[in-house]
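Engineer: Mapping of the sequence shown onto the numbering used here: residues 1072 to 1246, in sequence order.
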Amino acid sequence: MTQHSRDDLWRDFPKTATEFERRFATEEDCRAYWIKARWGGKPACARCGSTYVWPVRDGTTFECRDCDHQTSLTSGTLLEKTRKPLKMWFRAVFEISTRRTGISAMDLMRIMGFGSYKTAWTWLHKLRASLNRPEREPLGPRRDGRGAGRGRRRPAQGVSSVGNMDEIHRNKIGR
Ligand SMILES: [Zn+2]
């Protein structure tokens, strides 16, 4: 519909195992993919929108030369505050997206070697929601309308995962 209709993180994600292995051999490969998917290849400050940034912390964060704000690769996205490598998340995305008809949290737990069902459940639901994101929805977890349709400008990081956690707890009790 709009130019941004396929503007999501996974639009260029590998569809086959061979392609996955080839493109995501290292964590650096994964970071490059993420930068392209999230920022169109040009990282931007989450606070002021400046693209005058330089990589710090092994390229996992970008520091803004205009306002000094540090924007991590994952801040403001579904992977905000993750301590796991992107490669691990990408593997999970691959497993989920290549068998949409039925992967369970238990399957994912086995495939990924997670120690807990809760972790597998959380990853599965987080990623599934991201993969099934309606086309009109802009990139990022917020739905407050600010910056809608323009993947670049995002509100500062901070509280975006609260709603998700509540949902996870509710659902967990329900099971
Ligand atoms: Zn800035």
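No residue lacks a Cβ here, since even glycine has one placed at the ideal position from N, Cα and C. All values derive from a computational prediction rather than experimental measurement.
Any heavy atom of ligand 1 closer than 8 Å to the Cβ of Gly1247?
Structural biologist: Nothing in the structure corresponds to residue 1247, since the chain is present only between 1072 and 1246.
Engineer: If you measure from the CB of Cys1101, is any heavy atom of ligand 1 nearer than 8 Å?
Structural biologist: As a position in the sequence shown, residue 1101 is number 30, starting the count at 1. Outside the cutoff, so no.
Engineer: Checking 9 Å against the spacing of the C-beta atoms, do Asp1129 and Ala1108 come in under that value?
Structural biologist: For this step, residue 1129 is matched to residue 58 along the sequence shown. For this step, residue 1108 is matched to residue 37 along the sequence shown. Contact: no.
Engineer: Alpha carbon to alpha carbon, how far is Thr1148 from Ala1227? Give it in angstroms, no decimals.
Structural biologist: Against the sequence shown, residue 1227 aligns to sequence position 156. Against the sequence shown, residue 1148 aligns to sequence position 77. With a pLDDT of 49 at Ala1227, under the threshold of 50, the modelled position of that residue is not reliable, and no figure is offered here.
Engineer: Check Ser1121 in the structure and name its three-state DSSP category.
Structural biologist: Here residue 1121 corresponds to residue number 50 of the sequence shown, with the count starting at 1. If DSSP states are grouped into helix, strand and coil, Ser1121 belongs with coil.
Engineer: Closest to Arg1162 by CA distance: which of Glu1151, Asp1137 and Met1183 is it?
Structural biologist: Within the sequence shown, numbered from 1, the residue matching residue 1162 stands at position 91. The option with the nearest alpha carbon to Arg1162 is Met1183.
Engineer: My output table needs one value for Ser1143: the three-state DSSP class, helix, strand or coil.
Structural biologist: As a first step, residue 1143 is located in the sequence shown; it is residue number 72 there, counting from the start. Correct three-state label for Ser1143: strand.
Engineer: Would you say the beta carbon of Asp1083 is closer than 8 Å to some non-hydrogen atom of ligand 1?
Structural biologist: In the sequence shown, the residue the question calls residue 1083 occupies position 12. Asp1083: no, Cβ never under 8 Å from ligand 1.
Engineer: Using DSSP with H/G/I as helix, E/B as strand and the rest coil, what is Glu1151?
Structural biologist: To locate residue 1151, count along the sequence shown from 1; it is residue 80. Reduced to three states, the DSSP call for Glu1151 is coil.
Engineer: Any idea what DSSP makes of Cys1135, helix, strand or coil?
Structural biologist: As a first step, residue 1135 is located in the sequence shown; it is residue number 64 there, counting from the start. Residue state, collapsed to three classes: strand.
Engineer: Span of the alpha helix (DSSP H) holding Thr1190?
Structural biologist: Position 119 of the sequence shown, counted from the first residue, corresponds to residue 1190. Element bounds for Thr1190: Tyr1188 to Leu1202.
Engineer: Any heavy atom of ligand 1 within a distance shorter than 8 Å of the CB on His1196?
Structural biologist: The sequence position of residue 1196 within the sequence shown is 125, counting from 1. Flag unset: Cβ of His1196 not near ligand 1.
Engineer: Can you tell me where the alpha helix (DSSP H) holding Thr1089 begins and where it ends?
Structural biologist: The residue given as residue 1089 occupies position 18 in the sequence shown. Looking at the DSSP string, the run of the alpha helix (DSSP H) that includes Thr1089 is Ala1088 to Arg1094.
Engineer: Whole angstroms is fine: what's the gap from Gly1186's alpha carbon to Met1180's?
Structural biologist: Along the sequence shown, one-based indexing puts residue 1186 at 115. Along the sequence shown, one-based indexing puts residue 1180 at 109. Looking at the two C-alpha atoms, the distance is approximately 7 Å.
Engineer: Would you say the beta carbon of Asp1079 is closer than 8 Å to some non-hydrogen atom of ligand 1?
Structural biologist: Translated into the one-based positions of the sequence shown, residue 1079 becomes position 8. Outside the cutoff, so no.
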